[in-house]
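Protein chains in written order, with this note's numbering: chain A, 98 to 443; chain B, 98 to 443.
This is the structure in structure tokens:
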């Protein structure tokens, strides 16, 4: 199996006494060590105007990390396309992809936080159309070698050829989150990779992976399980009490983040926000537990055909990753299995 | 004196046989060695749709260089503000400034190449107004700690606080190119630093620096000569024949670049394009010459009070910088002089 990471760096605003760069440096160190520990990828969020310093210029932060690393894949989860001029973003992404030797994974989304739409003065109702137009323009930017002109609803360009080229051809892989059967089918239809959210119960998640495989195979393609990343919170607990306290903290933290996404009228019904956040559901979905418990939880996904999991830090930080690397990864280092997967995907 | 660099990395588009990243890697190596050779700064251009791969995502490329260096200042010369959402650019710049420990120098411009305005479908007539609005919004983004709302002509934001903060306070220094007395006065009025273009004859350039000093002092501030960067082409020639051939090549190359800026009606009268490009003028303005000749040329600027020069590579590459560092820099390493300058500026 392959294991990656996702999360956010945090740079606090403050007076002269606050070292705002510390949160970024910590995140960079965490990820450079994660590379050495055998983690395959790291995905960073993009958020704006949070008031608590979530990373905003995600491609830039990943570019700095690219210079400090050599194998770990660098992803966004997700870039919100409606905020960006798609040609400028295509240039930024291509620059990172070139500089990193083709290590960029492009997780994209249409946005869901009300306060970000308000901040950028973009109507939430335009999210879908802006997202689709951006995808079209970015793909065109990377694949057209001759000057082109585009007349769109939100963006227009005349007689342009976009530089630099990407390292990965025809362009970096797109990753999209999906939950409902229709959205899963849409990801398969586009030929993109899929991210499955961290909050869904295990059986729900496995069902989604199966739906994706069916959709891919129904289109005559061979399913590559590395093209689905199952996200989970990770907390490598000392014992049961340590685990239970961490789960309580996780539920409280999630409520805070959900508030950022909510519209004043409570009208945000995104599937990412619709799970119950009871202790039972959270304990079952999250990779919070002792080493043995986590091994058993991953085994359940492995048995269902999942081969790629992405972890957000639930609080055990780099120490948790060290333990994971040493005591959990070896259980899932079945090379024959992975070689077979890779061969099937060729 | 302080010596910096300016120029562009180049990433060629092409088929599978073209290593598009090579131009970027070469530029990065050139600049990391330049740091070791004692160069103070490096400024990179921003251009789009050139067809020959000039750097487009300048802040990203500088962010990668930031991770590979520790003292060299990282500048843009210049970012063209009308292309960018000013809040996104403020976030990107702040991220670089934070990650680099406050090494960012923000050269800004309003754009002058017709094909870029056409490409982005932005009327050239809006350049000035877009530039001014962007400066206002970016400065606000970096200096306001409480949520703000802005209703502009081109951009509007509601209830935002922009993150992360910059490392330099209140924000990275702005640098602006200027030629005419009115534009020089405007740079001084804003409190920005000034870039002087590489093509103007020596006396013209010295006159501009003097005008800037007068404007700064007329406002009751103390003039700091490190806040003016005089740009020049640099070619460390073996002998007179080598120098003369390089000057011929420089004139030919400049004609090619000028064509990119020109409007179909020939109506681009920017001062940067109005010098004659005769051998005599070019030979006098450019730092093309043997070691002794270049020392004499720099001495002329030094005698006139110039303390900061920026060089673009005229063809001698890193070898030219090595010679410059070893044989030319020591002539201008007058510490007492520089300490006095720094003290006067406090």
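Where is the CB? At the ideal position from N, CA and C, for every residue including glycine.
| said: DSSP three-state label for residue 157/A, please. | reply: helix
| message | If I follow the unbroken alpha helix (DSSP H) through residue 389/B, where does it start and stop? | response | 388-400
| said: Ignoring anything shorter than 4 residues, give me the alpha helix (DSSP H) runs that lie fully in the stretch 270-338 of chain B, in order along the chain. | reply: 278-287, 299-315
| query | Which of the three DSSP states, helix, strand or coil, is assigned to residue 265/B? | reply | coil
| message | Would residue 470/B and residue 418/B be called neighbours here (beta carbons separated by less than 8 Å)? | response | With chain B represented from 98 up to 443, any question about residue 470/B goes unanswered, as that position is not in the structure.
| task | With DSSP collapsed to three states, give me the class of residue 221/A. | result | helix
| said: Let's test the definition: count the other Cβ atoms within 10 Å of the Cβ of residue 324/B and tell me whether it reaches 16, buried, or not, exposed. | reply: buried
| said: Measuring alpha carbon to alpha carbon, tell me which residue in 343/A, 283/A, 270/A, 330/A is nearest residue 315/A. | reply: 283/A
| Closest by CA to residue 296/A, which one among 279/A, 416/A, 331/A, 318/A? | 331/A
| Secondary structure of residue 232/A, DSSP reduced to three states | helix
| query | On the premise that residue 189/A lies in contact with residue 156/A, defined as a C-beta separation below 8 Å, what is that separation, rounded to the nearest angstrom? | reply | 5 Å
| field | Of the listed residues 208/B, 186/B, 185/B, 158/B, nearest to residue 192/A (C-alpha basis) | value | 158/B
| said: Can you tell me whether residue 108/A is helix, strand or coil according to DSSP? | reply: coil
| request: Below 8 Å on the Cβ atoms is my guess for residue 205/B versus residue 273/B; work out the distance and round it to an integer in Å. | output: 6 Å
| query | Three or more beta-carbon pairs under 8 Å between the stretch 118-132 of chain B and the stretch 158-172 of chain B, yes or no? | reply | yes
| Per-residue DSSP class, three states only, for residue 260/A | coil
| Applying a beta-carbon distance threshold of less than 8 Å, which residues of chain A neighbour residue 180/B? | 182, 185
| query | In terms of residues, what are the limits of the alpha helix (DSSP H) holding residue 132/A? | reply | 119-133
| If contact means a Cβ-Cβ distance below 9 Å, which residues of the stretch 249-273 of chain A contact chain B? | 252, 253, 254, 255, 256, 257, 258, 259, 260, 261, 262, 263, 264, 266
| Residue span of the alpha helix (DSSP H) that contains residue 139/B, given as start and end | Segment 138-141 is the beta strand (DSSP E) holding residue 139/B; no alpha helix (DSSP H) there.
| query | What separation, rounded to the nearest whole angstrom, lies between the Cα atoms of residue 428/B and residue 394/B? | reply | 12 Å
| Which residues, taken in chain order from the stretch 105-132 of chain B, show a beta carbon closer than 7 Å to some beta carbon of chain A? | 108, 110, 117, 118, 121
| request: Using only alpha-carbon positions, find the residue among 349/A, 333/A, 182/A, 178/A that is nearest to residue 390/A. | output: 333/A
| Within 8 Å (strictly less), CB to CB, does residue 217/A reach chain B? | yes
| said: Any C-beta of chain B within less than 7 Å: which residues of the stretch 381-396 of chain A qualify? | reply: none
| said: Tell me the rounded alpha-carbon separation between residue 146/A and residue 262/B. | reply: 12 Å
| request: Just the chain A side, please: which residues come within less than 9 Å of residue 80/B by C-beta, in chain order? | output: Shown here, chain B extends from 98 to 443; a query on residue 80/B therefore has no answer.
| request: Taking C-beta pairs closer than 9 Å, name the residues in chain B that residue 51/A reaches, listed in chain order. | output: Not covered by the structure: residue 51/A. The range shown for chain A is 98 to 443.
| request: Establish whether the CB of residue 174/A and some CB of chain B are separated by less than 8 Å. | output: no
| task | Flag this pair as touching only if the stretch 173-185 of chain A and the stretch 225-234 of chain A have three or more C-beta atom pairs under 8 Å; answer yes or no. | result | yes
| said: Can you tell me whether residue 384/A is helix, strand or coil according to DSSP? | reply: strand
| query | Cα separation between residue 144/B and residue 247/B? | reply | 28 Å
| field | residue 409/A, DSSP secondary structure in three states | value | strand
| task | Measure from the alpha carbon of residue 252/B to the alpha carbon of each residue in 238/B, 431/B, 293/B, 210/B, then state which is nearest. | result | 238/B
| message | Assuming contact is defined by CB atoms lying nearer than 8 Å, are residue 117/A and residue 111/A in contact in what I supplied? | response | yes
| request: Given a cut-off of 8 Å, decide if residue 381/B and residue 299/B are closer than it, judged by their beta-carbon atoms. | output: yes
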